[in-house]
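Undergrad: At the far end of the sequence shown sits residue 218, using full-length UniProt numbering, and the numbering has no gaps. Using N, Cα and C, we set each Cβ at its ideal position, and we do this for glycine too.
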Amino acid sequence: MSAPLDPFYLIVDTAAWIERLVPLGVKLVQLRAKDLPRAELRTEIRAARDICAGQGCQLVVNDHWKMAIEEGCDFVHLGQEDLAAADRGAIERAGLKLGLSTHDAAELQTALAARPDYVALGPIWRTILKQMPWAPQTPGRLCVWRARIGALPLVAIGGVTVERLPEVFAAGADSAAVVTDITRHADPEARCRQWLAATADRRAALGEGRPATAAMPA
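1. Thinking C-alpha only, which one of Gly150, Leu96, Leu152, Phe169 is nearest Pro139?
2. Among Trp65, Glu40, Ala39, which has the Cα closest to the Cα of Gln30?
3. Let me know the secondary structure DSSP gives Gln137 once reduced to three states.
4. Suppose contacts are defined by Cβ-Cβ distances below 7 Å. Is Thr102 in contact with Leu121 by that definition?
5. Among the candidates Gly95, Glu81, Asp82, Ala85, whose CA atom is the shortest distance from the CA of Gly72?
6. Compare the C-alpha of Ile51 against each of His185, Ala16, Val76, Arg38 and name the closest.
7. Taking 7 Å as the cut-off, decide whether the C-beta atoms of Leu154 and Val119 are in contact.
8. When you compare the segment 41–61 with the segment 203–212, are there three or more beta-carbon pairs, one atom per stretch, that lie closer than 8 Å?
9. Could you give the residue range of the alpha helix (DSSP H) that holds residue 224?
10. Closest to Ala68 by C-alpha separation, out of Lys97, Gln80, Ala84, Cys57, would be which residue?
11. Taking Ala3 as the reference, which of Leu196, Lys34, Ile124, Ala151 has the closest Cα?
12. Under the rule that 16 or more other beta-carbon atoms within 10 Å means buried, what is Gln137, buried or exposed?
13. Apart from the five residues on each side of it in sequence, which residues of its chain come closer than 8 Å, Cβ to Cβ, to Trp125?
14. Exposed or buried, what is Lys27 when buried is set at 16 or more other beta-carbons lying within 10 Å of its beta-carbon?
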């Protein structure tokens with residue numbers, strides 16, 4: 001059975017963001033660094049790895065599974081195209097945990113066949129992060145995914161805000177991923193603290209082995 005995920009899943013594109021926000025108490029962060037030269041990407045991954053190790057935070061590397069293995073990271077997140085091109089055997093042999101993106105039933109079937117450590121569904125609401133060919137999934141689709149994946153951790157992503165956390169948790173998500181609600185906020189640190197406060201009860205329940213309840217916004 002996959003290990004529980006922290007209910008607050010921060011996604012950022014630089015190690016500088018990780019250095020800035022993780023010390024506030026973030027316990028799960030993804031480095032989603034796109035289109036960087038290889039040497040610069042390695043520098044970012046190493047810096048993120050070291051910061052997270054010092055703060056007791058779980059680092060997830062987006063896409064770059066080979067470098068994640070080489071740099072001694074322990075978690076990678078792949079999209080469907082990246083999964084098709086990845087060496088699943090090498091990932092397993094390295095003991096790398098795996099998170100996968102899904103957007104429809106066919107992608108969910110593909111993801112489950114890869115035996116991931118979590119499945120992400122999105123976009124739940126319209127997102128400004130990138131152009132998406134998929135319509136918003138809505139919290140209702142989270143309920144469907146919850147029924148289909150059993151106890152496997154489920155991540156909600158896309159348009160999630162502090163105010164919407166109760167909806168995604170009530171629909172069955174274990175963790176809520178956030179990008180722009182924090183990084184494009186006028187005060188990212190203050191918004192990050194709001195997320196931490198709004199997920200504190202669920203985090204405490206995980207630590208005590210109790211069932212988590214829906215969070216209320218701070």
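TA: In this structure, then:
1. Here residue 139 refers to the residue found at position 139 when the sequence shown is read from its first residue. Looking at the Cα atoms, Phe169 is the closest of the given residues.
2. Position 30 of the sequence shown, counted from the start, is the residue given in the question as residue 30. The residue with the shortest Cα to Cα distance from Gln30 is Trp65.
3. Position 137 of the sequence shown holds residue 137. Correct three-state label for Gln137: coil.
4. Against the sequence shown, residue 102 aligns to sequence position 102. Against the sequence shown, residue 121 aligns to sequence position 121. Taking 7 Å as the Cβ cut-off, Thr102 and Leu121 qualify as a contacting pair.
5. Here residue 72 refers to the residue found at position 72 when the sequence shown is read from its first residue. Put simply, of Gly95, Glu81, Asp82, Ala85 the residue whose alpha carbon is nearest the alpha carbon of Gly72 is Gly95.
6. The residue you call residue 51 lines up with position 51 of the sequence shown. Closest option to Ile51, Cα to Cα, is Ala16.
7. On the sequence shown, position 154 is the one that residue 154 refers to. On the sequence shown, position 119 is the one that residue 119 refers to. It is a contact, given that the beta carbons lie within the stated cut-off.
8. Touching, no.
9. Residue 224 lies beyond the residue range present for the chain, which begins at 1 and ends at 218; the question has no answer from this structure.
10. Counted from its first residue, the sequence shown places residue 68 at position 68. It is Lys97.
11. By one-based count along the sequence shown, residue 3 stands at place 3. Of the listed residues, the one whose Cα sits closest to Ala3 is Ala151.
12. The count along the sequence shown starts at 1 and reaches residue 137 at position 137. In this structure Gln137 is buried. Its beta-carbon is surrounded by 16 or more other beta-carbon atoms within 10 angstroms.
13. Within the sequence shown, the letter at position 125 stands for residue 125. Short of 8 Å from the beta carbon of Trp125, and not among the five residues preceding or following it, lie these beta carbons of its own chain, in chain order: Pro136, Thr138, Gly158, Gly159, Val160, Arg164.
14. As a position in the sequence shown, residue 27 is number 27, starting the count at 1. Counting Cβ neighbours within 10 Å, Lys27 comes out buried, since at least 16 surround it.
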